[in-house]
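Trainee: Pasting in a structure now, in structure tokens, and then I'll have a few things to ask.
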């Protein structure tokens with residue numbers, strides 16, 4: 001038997017049903033016995049929505065009013081009545097089982113499942129399997145229109161059914177016409193068999209994903225704006241009614257391994273993906289979620305993994321994964337199992353634990369734990385911020401994709417000293433200085449288009465370009481190394497800066513007006529060092545190292561000077577001698593700077609500038625030096641900057657998991673004297689080779 005089902009919401013109708021997140025207000029149904037071709041009683045039931053504000057389209061098409069709906073039953077009561085009345089009609093027809101049949105997939109997938117999920121009550125099993133009348137019709141009549149173009153009216157017209165929509169109530173005509181279409185398909189000329197119903201997955205299945213797996217780009221979406229604590233199950237619930245592929249939810253992490261509010265979701269086919277895109281700006285709690293198309297390559301980049309250890313850990317399917325963070329570095333498997341206790345047993349005991357480690361084997365303080373059921377996982381989450389040893393432990397829901405991202409990112413960490421490009425030609429330019437002092441000889445540009453470059457700024461400045469100091473244009477970048485919309489320009493005098501501020505303030509650049517303010521070199525330095533300058537005054541930077549913009553933004557491209565501070569971060573090994581000169585000198589050598597290639601873009605190593613940096617590019621395009629210049633530079637005698645013996649510094653407040661590599665990275669670009677301290681620390685061969693690299697450059 002079939003139960004022919006039709007419904008409407010308080011909002012959009014037809015192809016956009018459910019896309020506006022409006023509630024169900026009408027259900028109409030009738031039982032059809034496919035063998036005897038008899039029908040049961042036709043039932044129509046109004047549904048009381050929480051929001052009775054009906055759209056104009058709904059009022060026009062359905063004829064329903066808020067007053068009439070206010071007297072109806074809520075959805076959970078209507079669904080109970082639906083089950084009781086269907087069972088009663090089946091008994092009258094001598095049948096016991098049935099399958100739903102709806103006009104398309106929207107009513108079941110985009111309305112009933114999402115709404116009941118948000119209202120926290122379960123649908124009966126009958127709503128997890130249904131026939132799509134449009135697909136069945138197209139199978140029976142291949143010469144008809146494409147499935148996506150079929151409607152109840154076009155199917156009836158194709159069969160020549162003479163039903164008049166105006167004679168029946170809204171919903172009643174639709175169900176009667178659907179029943180007539182089904183009987184036509186069962187006639188002797190067609191003998192259609194309803195054999196393969198559409199299915200809705202009861203729950204999301206977790207599982208690993210290999211990088212070698214083929215992922216169709218037509219099945220992947222990107223969800224943005226997720227609450228940071230949302231898990232894969234929360235995301236699956238947001239897409240309730242749609243079939244997500246096994247292991248198809250990949251939470252995106254930032255460079256510190258924390259969730260960034262985005263996820264990539266892979267569906268079983270493109271049809272499900274297209275339905276998911278209709279949930280753009282639907283709500284998860286109080287937040288609306290943006291849904292966009294994504295590619296299979298993006299999904300594999302986040303969810304794909306190849307580690308044998310991870311694959312073995314995730315081989316136990318349909319497990320609930322919990323992430324533990326903040327573990328003592330001395331914590332053992334026994335300590336973790338004891339912390340969790342008997343009320344939340346770990347699947348497989350020690351085999352259900354995965355400690356995350358750095359490439360050198362040191363623990364990170366993170367671990368993943370498997371639980372066989374939701375109850376055990378909930379018991380574990382109750383231990384959030386309880387104490388293990390002397391530290392409180394954070395517990396969160398996690399996913400297979402997050403396990404792969406966190407663990408594999410640790411395994412594949414970038415080397416301490418990245419591979420450098422070919423040597424470059426050294427040039428001695430005029431001294432490069434950043435402005436300082438209280439003289440208001442600088443201007444600040446605020447509200448620049450993010451695509452604005454040096455040429456745009458020079459054009460914006462107009463005749464005042466000639467009053468800019470050499471190398472006096474500084475773009476302010478954010479922590480991701482992208483333009484922030486601000487720039488500082490050093491002028492030749494305070495008067496010139498005043499004139500520019502008066503002339504260019506709120507002048508248009510592209511489609512935006514730009515604010516121009518006069519400021520001092522001290523204020524400029526604060527912002528370039530990572531601080532903020534606003535109406536409240538100056539806010540100090542997050543750290544004391546200068547946050548300089550790439551020198552490709554220098555005012556004159558013909559003399560694009562790389563500051564010594566930046567050059568020290570990218571020391572070409574071939575240009576520096578391999579030994580130190582033992583004698584000290586009170587006078588430091590002149591700063592050495594370089595000219596980049598005309599079209600090259602220099603990326604600063606922002607790792608040196610921010611306490612918690614994003615991943616930054618590690619390659620730079622330079623003009624390759626001729627062999628003669630390299631040889632001459634390599635044999636030149638360099639005077640050491642620091643006197644002998646070397647000075648000592650003491651570091652306080654280090655993270656407990658800090659190792660030698662992190663300390664060296666922290667001091668990258670500074671001169672250090674490991675030769676004097678080799679007897680004080682134990683060095684690996686790799687670390688010794690790093691420490692004994694040329695070190696004649698000082699970054700201040």
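Numbering (full-length UniProt numbering), first residue to last: 1 to 700.
By construction, the Cβ of each residue, glycine as well, lies at the ideal position given by its N, Cα and C atoms.
Is it right to say residue 62 is buried, meaning 16 or more other beta carbons lie within 10 angstroms of its own, or is it exposed?
Mentor: Here residue 62 refers to the residue found at position 62 of the chain shown. Result: buried.
Trainee: Just to confirm, is the Cβ distance from residue 193 to residue 32 under 7 angstroms?
Mentor: As a working note, residue 193 is residue 193 in the chain shown. As a working note, residue 32 is residue 32 in the chain shown. Not in contact: residue 193 and residue 32 (Cβ atoms no closer than 7 angstroms).
Trainee: Determine the contact status of residue 216 and residue 304, defining contact as a CB-CB distance below 7 angstroms.
Mentor: On the chain shown, residue 216 is found 216 positions in, with the first residue counted as 1. On the chain shown, residue 304 is found 304 positions in, with the first residue counted as 1. Cβ atoms of residue 216 and residue 304: not closer than 7 angstroms.
Trainee: Residue 351: which of 332, 234, 358, 360 sits nearest, CA to CA?
Mentor: The count along the chain shown starts at 1 and reaches residue 351 at position 351. Measuring from the Cα of residue 351, the nearest candidate turns out to be 332.
Trainee: Can you tell which of 521, 122, 311 has the C-alpha that lies nearest to the C-alpha of residue 75?
Mentor: Position 75 of the chain shown holds residue 75. For the residues 521, 122, 311, the minimum Cα distance to residue 75 belongs to 122.
Trainee: Since residue 113 and residue 240 should fall inside the 8 angstroms C-beta cutoff, what is the C-beta to C-beta distance between them, to a whole number of angstroms?
Mentor: The residue you call residue 113 lines up with position 113 of the chain shown. The residue you call residue 240 lines up with position 240 of the chain shown. With 8 angstroms as the limit, residue 113 and residue 240 qualify as a contact, their Cβ atoms being about 5 angstroms apart.
Trainee: At a cut of 8 angstroms, does the region 283–290 reach the region 371–383 through at least three beta carbon pairs?
Mentor: Output reads no: the region 371–383 does not touch the region 283–290.
Trainee: On the three-state DSSP scale, how would you describe residue 450?
Mentor: Along the chain shown, one-based indexing puts residue 450 at 450. Residue state, collapsed to three classes: coil.
Trainee: Given this structure, state the Cα-to-Cα distance separating residue 369 from residue 406, to the nearest angstrom.
Mentor: Taking the first residue of the chain shown as 1, we reach residue 369 at position 369. Taking the first residue of the chain shown as 1, we reach residue 406 at position 406. Using only the alpha carbons, I get a separation of about 14 angstroms.
Trainee: Bridge partners of residue 483, per DSSP?
Mentor: Taking the chain shown and counting its residues from 1, the one referred to as residue 483 is at position 483. The partner list for residue 483 (beta bridge, DSSP) reads 477.
Trainee: Where do the ends of the beta strand (DSSP E) carrying residue 516 lie?
Mentor: By one-based count along the chain shown, residue 516 stands at place 516. Run containing residue 516: 512–519, per the beta strand (DSSP E) assignment.
Trainee: In the DSSP assignment, find the beta strand (DSSP E) that holds residue 508 and state where it starts and stops.
Mentor: As a working note, residue 508 is residue 508 in the chain shown. Residue 508 -> beta strand (DSSP E) spans 507–509.
Trainee: On a Cα-Cα basis, can you pick out the residue from 444, 503, 438, 482 that is closest to residue 522?
Mentor: Translated into the one-based positions of the chain shown, residue 522 becomes position 522. Cα-wise, what sits closest to residue 522 is 438.
Trainee: Going straight from the alpha carbon of residue 34 to that of residue 95, what length do you get?
Mentor: If you number the chain shown from 1, residue 34 lands on position 34. If you number the chain shown from 1, residue 95 lands on position 95. Each residue's alpha carbon lies about 11 angstroms from the other.
Trainee: Taking 8 angstroms as the cut-off, does the region 86–100 touch the region 47–57 (at least 3 CB pairs, one atom from each stretch)?
Mentor: Contact between the region 47–57 and the region 86–100 is absent, because fewer than three Cβ pairs lie under 8 angstroms.
Trainee: Classify residue 28: buried if its beta carbon has 16 or more other beta carbons within 10 angstroms, exposed otherwise.
Mentor: In the chain shown, residue 28 corresponds to position 28, counting from 1. It is buried - the Cβ of residue 28 has at least 16 other Cβ atoms within 10 Å.
Trainee: Alpha carbon to alpha carbon, how far is residue 448 from residue 483? Give it in angstroms, no decimals.
Mentor: Position 483 of the chain shown, counted from the first residue, corresponds to residue 483. Position 448 of the chain shown, counted from the first residue, corresponds to residue 448. Roughly 9 angstroms between the two C-alpha positions.
Trainee: Should residue 525 go down as buried or exposed, given a rule of 16 or more other Cβ atoms within 10 Å for buried?
Mentor: Your numbering for residue 525 matches position 525 in the chain shown. It counts as buried.
Trainee: Between which two residues does the alpha helix (DSSP H) holding residue 136 run?
Mentor: Locating residue 136 in the chain shown gives position 136, counting from the first residue. Residue 136 -> alpha helix (DSSP H) spans 133–140.
Trainee: Using C-beta distances below 6 angstroms, list every residue in its chain close to residue 198, excluding the 5 sequence neighbours before and after it, in chain order.
Mentor: Along the chain shown, read from residue 1 onward, the residue named residue 198 stands at position 198. Closer than 6 angstroms at the Cβ level, and outside the excluded window around residue 198, lie 130, 132.
Trainee: I'd like to know if the region 317–329 and the region 358–366 are in contact, where contact means that at least 3 CB-CB pairs between them fall below 8 angstroms.
Mentor: A contact exists between the region 317–329 and the region 358–366.
Trainee: Suppose the cutoff is 6 angstroms on Cβ atoms and the five residues either side in sequence are ignored; what does the same chain contact list for residue 314 look like?
Mentor: The residue given as residue 314 occupies position 314 in the chain shown. Cβ within range, chain order: 208, 400.
Trainee: Does residue 19 pass the burial test, meaning 16 or more other C-beta atoms within 10 Å, or should it be called exposed?
Mentor: Along the chain shown, one-based indexing puts residue 19 at 19. Residue 19 comes out buried.
Trainee: Comparing alpha-carbon positions, which option in 264, 390, 311 lies nearest residue 403?
Mentor: In the chain shown, residue 403 corresponds to position 403, counting from 1. Ranking the options by Cα distance to residue 403, first place goes to 311.
Trainee: Roughly how many whole angstroms lie between the Cα atoms of residue 357 and residue 324?
Mentor: In the chain shown, the residue the question calls residue 357 occupies position 357. In the chain shown, the residue the question calls residue 324 occupies position 324. The alpha-carbon atoms of residue 357 and residue 324 are separated by roughly 13 angstroms.
Trainee: Taking buried to mean at least 16 other C-beta atoms within 10 Å of its own C-beta, is residue 450 buried or exposed?
Mentor: Working through the chain shown from its first residue, we reach residue 450 at position 450. When all chains shown are included, residue 450 counts as exposed.
Trainee: Residue 379: which of 134, 477, 346, 317 sits nearest, CA to CA?
Mentor: Against the chain shown, residue 379 aligns to sequence position 379. It is 346 whose Cα lies nearest to the Cα of residue 379.
Trainee: Quick one: what does DSSP say residue 628 is sitting in, helix, strand or coil?
Mentor: Reading the chain shown from its first residue, position 628 is the one you call residue 628. At residue 628, the pLDDT of 48 sits below 50, so the modelled position is not reliable and the matter cannot be decided from this model.
Trainee: Using CA coordinates, which residue listed in 488, 497, 22 is at the minimum distance from residue 107?
Mentor: Reading the chain shown from its first residue, position 107 is the one you call residue 107. When only C-alpha atoms are compared, the closest one is 22.
Trainee: Do residue 445 and residue 500 have their C-beta atoms within less than 7 angstroms of each other?
Mentor: Numbered from its first residue, the chain shown carries residue 445 at position 445. Numbered from its first residue, the chain shown carries residue 500 at position 500. Their beta carbons are not under 7 angstroms apart, which means residue 445 does not touch residue 500 by this criterion.
Trainee: Can you grab the Cα-Cα spacing for the pair residue 263 / residue 249, in whole Å?
Mentor: Against the chain shown, residue 263 aligns to sequence position 263. Against the chain shown, residue 249 aligns to sequence position 249. Spanning the two alpha carbons is a distance of roughly 7 angstroms.
Trainee: Is the beta carbon of residue 45 closer than 7 angstroms to that of residue 78?
Mentor: Position 78 of the chain shown, counted from the start, is the residue given in the question as residue 78. Position 45 of the chain shown, counted from the start, is the residue given in the question as residue 45. Contact flag set, yes.
Trainee: Where residue 227 and residue 474 are concerned, what is the direct C-alpha to C-alpha distance, given to the nearest angstrom?
Mentor: Start at 1 with the first residue of the chain shown, and residue 227 comes out as number 227. Start at 1 with the first residue of the chain shown, and residue 474 comes out as number 474. For residue 227 and residue 474, the distance between alpha carbons rounds to 36 angstroms.
Trainee: Under the three-state reduction of DSSP, which class applies to residue 287: helix, strand or coil?
Mentor: In the chain shown, counting from the first residue as 1, residue 287 sits at position 287. The answer is strand: DSSP assigns residue 287 an E or B state.
Trainee: Go ahead and label residue 514 buried or exposed: buried means 16 or more other beta carbons lie within 10 angstroms of its beta carbon, across all protein chains shown.
Mentor: Start at 1 with the first residue of the chain shown, and residue 514 comes out as number 514. It counts as buried.
Trainee: From which residue to which residue does the alpha helix (DSSP H) around residue 70 run?
Mentor: Position 70 of the chain shown, counting from 1, holds the residue named residue 70. It spans 66–70 - the alpha helix (DSSP H) in which residue 70 sits, taken as one unbroken run.
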